[in-house]
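Residue numbers (this note's numbering): 147 to 269.
Contents: one structure, followed by commentary.
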Amino acid sequence: MHYLRATNEVWRIPSVQIQELLWENFSANKGHAMTKGISAMPSMHNAQALLLVLATWNKQLLLRSLCLFHLVLVFLGSIHLGWHYAVDAYLAFAIVVPAWVVAGWVARSWVDPQPRVQLQPQT
Numbered sequence: 147m148h149y150l151r152a153t154n155e156v157w158r159i160p161s162v163q164i165q166e167l168l169w170e171n172f173s174a175n176k177g178h179a180m181t182k183g184i185s186a187m188p189s190m191h192n193a194q195a196l197l198l199v200l201a202t203w204n205k206q207l208l209l210r211s212l213c214l215f216h217l218v219l220v221f222l223g224s225i226h227l228g229w230h231y232a233v234d235a236y237l238a239f240a241i242v243v244p245a246w247v248v249a250g251w252v253a254r255s256w257v258d259p260q261p262r263v264q265l266q267p268q269t
């Protein structure tokens, strides 16, 4: 955070101002409902990025690669910009993967395992 704040003195980093506003509102217990709380664990940013990777895993290599790159950027950026500790992302990943598997089981259970007989049109 010291490095981030020092860099903010040279180049404006909006993340620093937003974090300060969130902390001030949290400390003073004021502000709108959106800024009253601070939530970091698990990281929803990282969870969403991993869900995107899982959703595109069987798609084209380029799309999957772009989503993996996005995941890496979100992971590193959320830590480097001071929004999350790495463990926040690890917990998100640990929740998302089993949730994805369970969602797949549920989705497959909704699909009729027996194909319906298609009636042929009379000619």
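All C-beta atoms in this analysis are idealised placements derived from N, C-alpha and C, irrespective of residue type, glycine included.
Everything numeric in this text was worked out from a predicted model, so none of it was measured.
Among residues of its own chain, excluding the 5 on either side of residue i, which ones have a beta-carbon nearer than 6 Å to its beta-carbon?
i, result
"residue 193", "238, 242"
"residue 246", "200"
"residue 147", "228"
"residue 154", "162"
Do residue j and residue i come within 8 Å of each other at the CB atom, strictly closer than that value?
i, j, result
"residue 195", "residue 216", "yes"
"residue 189", "residue 249", "no"
"residue 139", "residue 227", "No statement about residue 139 is possible, as the shown extent of the chain runs from 147 to 269 and does not include it."
"residue 159", "residue 150", "yes"
Could you pull out every residue in the same chain whose Cβ sits closer than 7 Å to the Cβ of residue i, ignoring the five residues on either side in sequence?
i, result
"residue 165", "228"
"residue 220", "191, 192, 195"
"residue 187", "234, 237"
Assign residue i to one of three DSSP states: helix, strand, or coil.
i, result
"residue 278", "Any property of residue 278 remains undetermined from this structure, which presents the chain solely from 147 to 269."
"residue 254", "helix"
"residue 188", "coil"
"residue 236", "helix"
"residue 227", "coil"
"residue 204", "coil"
Classify residue i as buried or exposed, calling it buried when 16 or more other Cβ atoms lie within 10 Å of its own Cβ.
i, result
"residue 252", "exposed"
"residue 224", "buried"
"residue 218", "exposed"
Note down, in chain order, each residue of its chain lying with its Cβ closer than 8 Å to the Cβ of residue i, except the 5 sequence neighbours on either side.
i, result
"residue 197", "242, 246"
Just to check, is the beta-carbon of residue i closer than 7 Å to a non-hydrogen atom of the ligand MN?
i, result
"residue 214", "Ligands displayed in this structure: none; no statement on the ligand MN is therefore possible."
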